[in-house]
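Inspection log for the structure reproduced underneath, given as structure tokens.
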Amino acid sequence: MAVPPIISQKYQEEPLSAGDLEEICALIYKRSGMVFGETKRYYIERRITDLVRQRRAQSVRDYISILRGDLGESERLINSVTVNETYFYRELHQLACLSNSILPDLIRAKDPGDRIRIWSMPCSSGEEPYSIAIWLLENWALVDAYNIEIVGTDIDTDILRRAVDGYFGERSLSKLPSDLLDRYFEPERDQQRRLIDDLRESVTFAKGNIVDRQSLAAIGRFDVIFCRNLLIYFDEAAREAAARNIHEMLYPGGYVCLGHTESMSRISETFEPVRFPDAIVYRETRHR
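Heads up: the sequence shown at position 125 corresponds to 125 in the UniProt record's numbering, and the numbers run straight through without jumps.
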């Protein structure tokens with residue numbers, strides 16, 4: 001049962017001790033693979049203060065005890081520290097690469113009507129997987145010839161609910177051309193727009209943790225994986241675990257698109273870089 005965010009009058013804000021910070025960061029790492037430490041003290045401290053008050057805990061130590069025994073509270077902690085900065089049509093060159101190079105290569109081994117599965121992870125509030133859907137509708141002539149499935153996953157359950165709802169503000173939509181806004185979004189109150197039903201129904205969302213293979217078992221394997229700007233938050237061990245899981249989640253010859261500062265070649269030998277005209281992406285190597 002969700003706990004209402006009632007502010008405790010008894011809790012007096014206290015700085016995290018080095019031991020408390022280490023314990024909380026270790027729990028975050030175990031649950032998500034994300035690395036936080038002393039350099040992120042202020043970031044973590046503010047979120048812990050809010051959560052302690054919402055749970056009406058008497059102290060940070062009291063809250064840590066709650067965390068240890070309550071998986072739901074651990075989920076709320078993870079939700080509070082995830083970074084959800086995103087917008088539509090981000091890193092547009094990779095979407096161009098998808099329609100101009102990746103899909104034309106993949107369909108050489110497929111027949112019309114076959115499935116093409118695309119995974120957006122972490123999908124945040126849905127801007128990336130919905131961008132993929134819009135881009136393909138607008139820019140890939142064969143979009144109706146194949147059964148395209150787009151799946152978005154994230155570890156943050158709060159943000160997934162927002163993705164399913166499909167409401168977006170000006171900041172998320174700022175890079176979209178006005179004709180696409182008019183075609184795919186309906187005006188709502190408070191300067192928000194809502195994605196049309198057909199687009200919202202074209203993407204499936206699920207909770208998933210890239211460093212936990214078991215959490216991904218139900219969503220199957222993919223032809224293309226977008227995993228952008230996530231690995232930068234991991235240490236070497238978590239990046240290697242993520243790379244293994246990505247490799248297992250790909251069909252033979254499948255492709256991975258990373259953020260512009262990330263490189264799979266530095267993490268795993270099971271991928272090879274592929275230089276297409278629009279972008280450098282990575283292909284798993286079982287196909288050779």
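C-beta atoms are modelled at their ideal positions from N, C-alpha and C, and glycine is treated no differently.
Please say whether SER32 and LEU51 have beta carbons closer to each other than 8 Å? Reading the sequence shown from its first residue, position 51 is the one you call residue 51. Reading the sequence shown from its first residue, position 32 is the one you call residue 32. Here LEU51 is not near SER32, since their CB atoms are 8 Å or more apart.
For ALA217, which of PRO177, LYS207, ARG162, PHE226 has the nearest alpha-carbon? By one-based count along the sequence shown, residue 217 stands at place 217. Considering only alpha carbons, the answer is LYS207.
Taking the alpha carbon of GLU127 as the point to measure from, which residue in GLY113, ASP105, ASP165 has its own alpha carbon closest? For the purposes of this step, residue 127 is taken as residue 127 along the sequence shown, with counting starting at 1. For GLU127, the nearest C-alpha among the options comes from ASP165.
Taking ARG221 and MET249 to be in contact with their CB atoms under 8 Å, please state how far apart those CB atoms are, rounded to whole angstroms. Residue 221 sits at position 221 when you count from the first residue of the sequence shown. Residue 249 sits at position 249 when you count from the first residue of the sequence shown. Between ARG221 and MET249 the beta-carbon gap is near 6 Å, inside 8 Å, which marks them as a contact.
Keeping to the same chain, check which residues put their C-beta closer than 6 Å to that of THR82; ignore five residues upstream and five downstream. Looking up residue 82 in the sequence shown gives position 82. Only ASP156 meet the Cβ criterion.
For the 8 Å Cβ check, are there 3 or more pairs between the segment 97-113 and the segment 140-158? Yes, the segment 97-113 is in contact with the segment 140-158.
Using the beta-carbon count (16 or more within 10 Å), is SER174 buried or exposed? Translated into the one-based positions of the sequence shown, residue 174 becomes position 174. Exposed, because fewer than 16 other Cβ atoms sit within 10 Å of the Cβ of SER174.
Which of helix, strand or coil does DSSP assign to SER8? As a working note, residue 8 is residue 8 in the sequence shown. Low local confidence applies: a pLDDT of 43 at SER8 is under 50, so the model's placement there is unreliable, and no value is given.
Let me know the secondary structure DSSP gives residue 315 once reduced to three states. Shown here, the chain extends from 1 to 288; a query on residue 315 therefore has no answer.
With distances taken from CA atoms, which of ALA133, ASN209, ILE210, GLU201 is nearest LEU180? Reading the sequence shown from its first residue, position 180 is the one you call residue 180. Of the listed residues, the one whose Cα sits closest to LEU180 is ALA133.
In whole angstroms, what is the alpha-carbon distance linking LEU176 and ASP20? The residue you call residue 176 lines up with position 176 of the sequence shown. The residue you call residue 20 lines up with position 20 of the sequence shown. Near 44 Å, if we compare the C-alpha coordinates of ASP20 and LEU176.
Would ASP114 and TYR146 be called neighbours here (beta carbons separated by less than 8 Å)? By 1-based counting over the sequence shown, the position of residue 114 is 114. By 1-based counting over the sequence shown, the position of residue 146 is 146. If you check the CB distance, ASP114 and TYR146 come in under 8 Å.
Residue 300 burial status per 10 Å Cβ neighbour count (16 or more: buried): Outside the shown range of the chain (1 to 288) lies residue 300, about which nothing can therefore be said.
Rounded to whole angstroms, what is the Cα-Cα separation between VAL245 and CYS227? By 1-based counting over the sequence shown, the position of residue 245 is 245. By 1-based counting over the sequence shown, the position of residue 227 is 227. It should be noted that the sequence gives Asn, not Val, for residue 245. Between ASN245 and CYS227, the C-alpha separation is close to 12 Å.
Continuous beta strand (DSSP E) stretch holding ASP190: start and end: Taking the sequence shown and counting its residues from 1, one reaches residue 190 at position 190. Looking at the DSSP string, ASP190 is not in any beta strand (DSSP E), and its letter there is neither H nor E.
Could you tell me whether the Cβ atoms of TYR89 and VAL203 are closer together than 8 Å? Taking the first residue of the sequence shown as 1, we reach residue 89 at position 89. Taking the first residue of the sequence shown as 1, we reach residue 203 at position 203. At the C-beta level, TYR89 and VAL203 stay beyond 8 Å of one another.
Residue burial classification, ARG171 (beta-carbon count within 10 angstroms, cutoff 16): Here the question's residue 171 lines up with position 171 in the sequence shown. So ARG171 ends up on the exposed side.
For ILE116, does the count of other Cβ atoms within 10 angstroms reach 16, so buried, or fall short, so exposed? Taking the sequence shown and counting its residues from 1, one reaches residue 116 at position 116. With 16 or more neighbouring CB atoms inside 10 Å of its own CB, ILE116 falls in the buried class.
In whole angstroms, give me the CA-to-CA distance for GLU269 and GLU262. On the sequence shown, position 269 is the one that residue 269 refers to. On the sequence shown, position 262 is the one that residue 262 refers to. Approximately 15 Å, taken between the alpha carbons.
Output needed for PRO5: all residues of its chain with C-beta closer than 7 Å, excluding positions within five of it in sequence on either side, in chain order. Residue mapping note: residue 5 aligns to position 5 of the sequence shown, counting from 1. In this prediction, PRO5 scores a pLDDT of 45, lower than 50, which makes its location untrustworthy; the coordinate-derived value is nonetheless stated afterwards. Contacts found: GLN54.
For VAL52, the first and last residue of its enclosing alpha helix (DSSP H): By 1-based counting over the sequence shown, the position of residue 52 is 52. Where VAL52 is concerned, the enclosing alpha helix (DSSP H) starts and stops at 41-54.
Along the chain, which unbroken stretches of the beta strand (DSSP E) at least 3 residues long are found entirely within the segment 72-128? Counting only runs of 3 or more, we get 115-120.
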